[in-house]
Amino acid sequence: MFDFQRIRLIARREIGTTFQKKSYRIGLLLQVIIVALLAMSPIFIAKFTSNDDSPREQKIGVVDTTGSDVSTTLGYTLQMLDGDNTDTYALSTLTDESSARAAVENDDVDAAVVATREDGEMTFRIITSDGDVEDSLAQLLMTATSSVAVADRVQQAGLTQSQASQIFTAPDMDVTTTNSASGDDEDVNNVVTYVIAYASTIVIFLFIIMYGQWISQGVVEEKASRIMEIMVNAATPRDLLAGKVIGIMITALAQFLPMVLTVGIIASLQKQIGRLFGVKPEQLFDINLGSIAWSFIGWFTLYFILGFLLFGALYAGIGSLVSRQEEVSTAVAPMTTVMMVGYMSALLSMSNPDGMVARIAYLFPGTTVFVSMLRLVSGNPAPWEIAVSIIGLLIAVVLAMLFAARLYRVGVLMYGQRPGFKSLFTLRGMQEVSR
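Going by my numbering, the sequence shown opens with residue -18, and the numbers climb by one from there.
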């Protein structure tokens, strides 16, 4: 039925011709760059939204008229309250409140604390450049000075250090969740799953349309130069059709594979790349792609190949029936409509990948490829649904190849004429061309 040696030669010709095009190579480079930037967007977002959280030295001026060592206690308390933050606090002694205000105004210090005693009780005045109590440093100083005041009261009451520690020791606490995984990480992974499913649907849709048009236009160009008549004398229409579609499909996969590898490499090295930009690992979401990576690549490759063979054959067959490039868009309009139905079905199924729309579209060969990733990555299709969708696509591919080969045959022998629908099925004299 098919001569695979001829198909291989024709496919190799298509691949070589495509790779030699400068537009193809430039487009591939630009796509890889764009995908790399998109894959690194979480790093850029973390970088430009966390500048205020970057480690730095906070300068605090202290005016102490209490007779106690407020600076030492305050510095220790600030460092304890800061928790996991790596900020450091440099405390300097100032003489009075006026010098403290001058130091803040001149940016010699970030803030100042004036500690005094009234009726034996410590009182504090915190001075900042804008006097905003909602400022993070001001709030930290308010909490720290409160702790210093409490410690001073404990000391004034005559309690020993062990007694004071026992009073203010926090009880043991354990916070758990009803979910087995962290809520934030689980939500993030769910979002990532939906993004992957939706992005793969867009990629399949755009690549089939783009390369399908490429196939049709290539066929019309070959007809215009009468190259097709020479090729038909060397191979059957079926072999020509299969070789052309498979060759261009390989160029499409060759354009997609570098993008997948780029995303995979950046995702696996996200934390290391983040460090180069000064982003801490904890500022990045812990995204687990391992559970879906290999299965996704396998399913995507399978459905992409079947979908491309199906629509690519029809694009080639329809392209052989027209004689001018301007007629290609009109000729393939019905097929584009079918693909739009599949794409819209995928959009409607985003909120419910296991809904009725998704299940029906998944089983219909014309729309299967567009809903497949959404069903497999985000939904839970039954094994029989997967089997039916694949078998249905295989049958549709074979029928499309046979039908498109007949269109090819008619398109070549009726060059310059506009064949009617009836002639596609009644030209008995064409059989010798297919050999």
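Where a beta carbon is used, it is the ideal one built from N, C-alpha and C, also for glycine.
Leaving out the 5 sequence neighbours to the left and right, which residues in its chain are closer than 6 Å to residue i when beta-carbon positions are compared?
{"i": "Leu(-10)", "result": "none"}
{"i": "Gly271", "result": "Low local confidence applies: a pLDDT of 49 at Gly271 is under 50, so the model's placement there is unreliable, and no value is given."}
{"i": "Ala130", "result": "Met103"}
{"i": "Arg106", "result": "Val95"}
{"i": "Leu374", "result": "Leu287, Pro346 and Thr349"}
{"i": "Met316", "result": "Leu295"}
{"i": "Gly224", "result": "Ile(-12), Ile(-9) and Ala(-8)"}
Between the options, which has its C-alpha nearest residue i's C-alpha?
{"i": "Ala92", "options": "Gly42, Tyr179 and Val369", "result": "Gly42"}
{"i": "Leu72", "options": "Met382, Val90 and Leu62", "result": "Val90"}
{"i": "Met382", "options": "Val244, Val313, Glu308 and Val226", "result": "Val226"}
{"i": "Met103", "options": "Leu59, Thr74, Leu55 and Val338", "result": "Leu55"}
{"i": "Ile108", "options": "Asp100, Glu99, Arg134 and Leu122", "result": "Leu122"}
{"i": "Pro218", "options": "Val391, Met316 and Gln306", "result": "Val391"}
{"i": "Leu295", "options": "Tyr57, Glu307, Gln306 and Met320", "result": "Met320"}
{"i": "Phe384", "options": "Ala297, Leu374 and Ser128", "result": "Ala297"}
{"i": "Gln137", "options": "Thr58, Asp100 and Pro315", "result": "Asp100"}
{"i": "Asp335", "options": "Gly360, Lys252, Asn87 and Ile7", "result": "Gly360"}
{"i": "Glu308", "options": "Leu59, Gln194 and Thr53", "result": "Gln194"}
{"i": "Tyr324", "options": "Met61, Thr53 and Ile189", "result": "Ile189"}
{"i": "Glu202", "options": "Glu366, Pro239, Gln306 and Glu86", "result": "Gln306"}
{"i": "Tyr389", "options": "Arg37, Ser143, Gln1 and Ala216", "result": "Ala216"}
{"i": "Leu238", "options": "Gly279, Asp111, Arg37 and Lys252", "result": "Gly279"}
{"i": "Asn333", "options": "Val322, Pro362 and Gln251", "result": "Pro362"}
{"i": "Met191", "options": "Thr174, Leu234 and Gly139", "result": "Leu234"}
{"i": "Leu283", "options": "Arg(-7), Ala368 and Ile7", "result": "Ala368"}
Throw me the rounded Cβ distance for the residue i and residue j pair, which I believe falls under 8 Å.
{"i": "Val200", "j": "Ser310", "result": "Not quite, the Cβ-Cβ distance comes to about 14 Å (not below 8 Å), so this is no contact."}
{"i": "Thr47", "j": "Thr97", "result": "6 Å"}
{"i": "Glu(-5)", "j": "Gly347", "result": "That belief does not hold up - the Cβ atoms of Glu(-5) and Gly347 are roughly 25 Å apart, past 8 Å."}
{"i": "Gln39", "j": "Tyr70", "result": "5 Å"}
{"i": "Ser49", "j": "Asp133", "result": "6 Å"}
{"i": "Val13", "j": "Met240", "result": "6 Å"}
{"i": "Ser128", "j": "Thr58", "result": "5 Å"}
Within the same chain, show all residues whose beta-carbon is closer than 8 Å to that of residue i, passing over the 5 residues directly before and after it, in chain order.
{"i": "Ser181", "result": "Phe277, Phe281, Met354 and Val358"}
{"i": "Asp220", "result": "Phe(-17), Asp(-16), Arg(-13), Ile(-12) and Ile(-9)"}
{"i": "Ala312", "result": "Ser197, Ile299, Gly300, Leu302 and Val303"}
{"i": "Lys3", "result": "none"}
{"i": "Leu118", "result": "Gln39, Asp91, Ala92 and Thr109"}
{"i": "Arg6", "result": "Phe0"}
{"i": "Glu86", "result": "Ser110"}
{"i": "Pro364", "result": "none"}
Flag this pair as yes or no: are the beta carbons of residue i and residue j separated by less than 7 Å?
{"i": "Ile376", "j": "Gly293", "result": "no"}
{"i": "Ile24", "j": "Val176", "result": "no"}
{"i": "Ser370", "j": "Leu344", "result": "yes"}
{"i": "Leu290", "j": "Val378", "result": "yes"}
{"i": "Met21", "j": "Ile247", "result": "yes"}
{"i": "Thr318", "j": "Thr(-1)", "result": "no"}
{"i": "Thr243", "j": "Ala27", "result": "no"}
{"i": "Glu78", "j": "Val51", "result": "no"}
{"i": "Leu222", "j": "Ala386", "result": "yes"}
{"i": "Val338", "j": "Leu329", "result": "yes"}
{"i": "Leu19", "j": "Gln236", "result": "no"}
{"i": "Ala314", "j": "Ser326", "result": "no"}
{"i": "Thr124", "j": "Leu187", "result": "no"}
Who are the near neighbours of residue i in its chain, counting only those whose CB is closer than 7 Å to its CB and skipping five residues on each side?
{"i": "Ile185", "result": "Phe285, Gly288, Val350 and Phe351"}
{"i": "Ser161", "result": "Unreliable positioning characterises Ser161 in this predicted model, as indicated by a pLDDT of 47, which lies under 50. A coordinate reading is not provided."}
{"i": "Leu75", "result": "Gly42, Val43, Val44, Ala81, Ala84 and Ala93"}
{"i": "Gly(-3)", "result": "none"}
{"i": "Tyr179", "result": "Met331"}
{"i": "Val322", "result": "Thr348"}
{"i": "Ile183", "result": "none"}
Of all Cβ atoms in chain D, is any one closer than 7 Å to the Cβ of residue i?
{"i": "Gly279", "result": "Protein chain content of the structure displayed is limited to a single chain, and chain D is not contained in it."}
Going along the chain, which unbroken runs of the beta strand (DSSP E) with 3 or more residues stay wholly within the region 210 to 244?
Taken in chain order, no unbroken stretch of beta strand (DSSP E) lies wholly in the region 210 to 244 with a span of 3 residues or more.
Please specify which runs of the alpha helix (DSSP H), each continuous and at least 4 residues long, are wholly inside the region 66 to 125, giving them in chain order.
Correct list: 78 to 86.
Mind listing, in chain order, the continuous alpha helix (DSSP H) runs of no fewer than 4 residues lying wholly within the region 280 to 337?
Counting whole runs of 4 or more residues, the region 280 to 337 contains the alpha helix (DSSP H) stretches 309 to 312 and 314 to 329.
Mind pulling the beta strand (DSSP E) runs of 3 or more residues that sit fully within the region 34 to 60?
Given a length threshold of 3 residues, each whole run of the beta strand (DSSP E) inside the region 34 to 60 is given here in chain order: 38 to 45.
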